[in-house]
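The sequence shown begins at 1 in UniProt numbering and counts up by one. Glycine included, C-beta positions come from ideal geometry on N, C-alpha and C. None of these values were measured; they are calculated from a predicted model.
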Amino acid sequence: MLKDEVFKEQTAKPADFTFSKKVADVFDDMVNRSVPFYGEMQRMIAELAANHALDGTNVYDLGCSTGTSFLLMDQTISKDIRFVGIDDSADMLQKCKTKLDDAGISRPYDLCVGDLNNGIEIKNASVVILCLTLQFVRPLYREKLLKKIVDGLVDNGVLIIVEKILAEESQFNRDFIDYYYNYKRRQHYSEMEISQKREALENVLIPYKLSENILMLREAGFSHCEIFFKWYNFSGLIAVKN
């Protein structure tokens with residue numbers, strides 16, 4: 001696993017964050033060092049998906065990046081279920097394909113380049129995953145994407161979401177951000193790396209409050225939402241279509 005040093009060199013003004021080849025090459029290290037309990041989140045996703053994935057259906061990972069969710073779900077989900085990964089970064093998908101092939105995954109799977117802002121096709125899905133993805137979809141298009149997911153889910157299908165979130169109250173929001181940056185310092189990111197990545201993400205990653213995400217899911221057509229993970233400004237939700 002290559003070490004994340006994307007923001008190690010100082011620049012006058014960091015460009016907006018993109019999932020480029022440079023990021024794809026170090027993404028696994030980046031996400032494991034940048035997201036608290038990322039490995040446990042992924043284990044929980046695989047566990048939850050196993051309870052809801054149905055033979056003869058598809059499991060979608062929207063924003064599948066390097067395929068970590070697929071690798072873990074392959075151990076918990078029937079081989080009669082097809083994986084479909086969609087990502088707007090061809091570099092990420094190439095990394096994903098390499099990892100899936102190296103792991104010897106034998107089930108059918110499709111990896112497709114797609115922009116979640118511009119409409120995608122979801123068919124016969126029992127599980128859809130948005131792991132740290134919805135936060136990168138422009139707010140104008142989030143409700144439309146969620147309705148598209150609802151339409152593509154079979155009855156009792158589920159959407160599993162992990163998101164960076166805002167606290168409900170501003171003081172806690174400031175505190176949680178401080179705790180998060182302390183976490184990144186413990187992962188050996190420098191002050192400059194933290195600062196430059198924050199600036200690069202400022203116009204790209206737009207988090208909502210947990211309550212806003214739940215309301216948006218219900219308005220899109222999900223009948224129930226349950227929180228399965230929470231760490232300061234990160235949260236996991238499972239939403240059910242009935």
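Here residue 134 has 142, 161, 163 as same chain residues with Cβ atoms under 7 angstroms from its own Cβ, once five neighbours each way along the sequence are excluded. Put simply, of 15, 173, 104 the residue whose alpha carbon is nearest the alpha carbon of residue 196 is 15. Taken through DSSP and simplified to helix, strand or coil, residue 188 comes out as coil. Where residue 162 is concerned, the enclosing beta strand (DSSP E) starts and stops at 153 to 166. Cβ-Cβ separation between residue 107 and residue 86: approximately 17 angstroms, too far for a contact (criterion under 8 angstroms).
Check the Cα spacing between residue 149 and each of 69, 38, 219, 6: the tightest is with 219. Take residue 4, set aside five residues on each side of it, and the residues of its chain with a beta-carbon closer than 7 angstroms to its own are 26, 29, 30, 33, in chain order.
Residue pairing by DSSP places residue 144 opposite no residue, since no beta bridge is assigned to it. It is roughly 17 angstroms from the alpha-carbon of residue 151 to the alpha-carbon of residue 117. Note on residue 193: 16 or more other CB atoms within 10 angstroms of its CB, so buried under the neighbour-count rule.
Contact annotation: residue 155 and residue 241 have beta-carbon atoms nearer than 8 angstroms. With contacts defined as CB atoms closer than 8 angstroms, residue 67 and residue 22 fail to qualify as a contacting pair. Between the alpha carbons of residue 24 and residue 17 lies a distance of about 12 angstroms. In this structure, the CA atom of residue 123 is about 19 angstroms from the CA atom of residue 73. Residue 59 is bridged by DSSP to 83, 127.
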